[in-house]
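Okay, so the sequence shown: first residue is 4 according to our numbering, each after it adds one.
What follows is a set of notes on a single structure, which appears directly below.
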Amino acid sequence: MSDHAHDHTTCHDLLGSLSDYIDGALENALCIEIETHMAECENCQVVVDTLRKTVLLYRDLPPEPMPADVEERLFKRMELSEYLTTV
């Protein structure tokens, strides 16, 4: 385990790529950079592990239907009213 005595800007720089890293959507070079950093950074290891677990938990949940009033407000706000299904 590390004492986290490295440059914290590296942690901040990598945060924006973590979702793509978890999804396997990054180029190999950036994956290696993240994995190398995590080998030295316990805090980033915790962040990635927590994100992975959160994604897995979310994916295991059944889809929840959006309430009709919320869907209507959202579609109107996004100017997509013509795509609303009326029952």
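Glycine included, each C-beta is placed from N, C-alpha and C at the ideal position.
Other residues of its chain near residue i: CB distance less than 6 Å, five sequence neighbours each side excluded
i     : result
Val73 : none
Cys14 : Cys47
Nonlocal neighbours in the same chain, by C-beta distance under 8 Å from residue i, ignoring five residues either side
i     : result
Leu33 : Ser20, Tyr24
Met69 : Leu77
Proximal residues to residue i (C-beta, below 7 Å), its chain only, five neighbours per side dropped
i     : result
Val58 : Ile25
Arg55 : Ile25
Glu75 : Leu87
**Asked** Any chance the segment 38-57 sits against the segment 15-24, with 3 or more Cβ pairs inside 8 Å?
**Response** yes
**Request:** Tell me the start and end of each unbroken alpha helix (DSSP H) in the segment 10-64 that is at least 4 residues and wholly inside, in chain order.
**Result:** 11-18, 21-26, 31-43, 45-63
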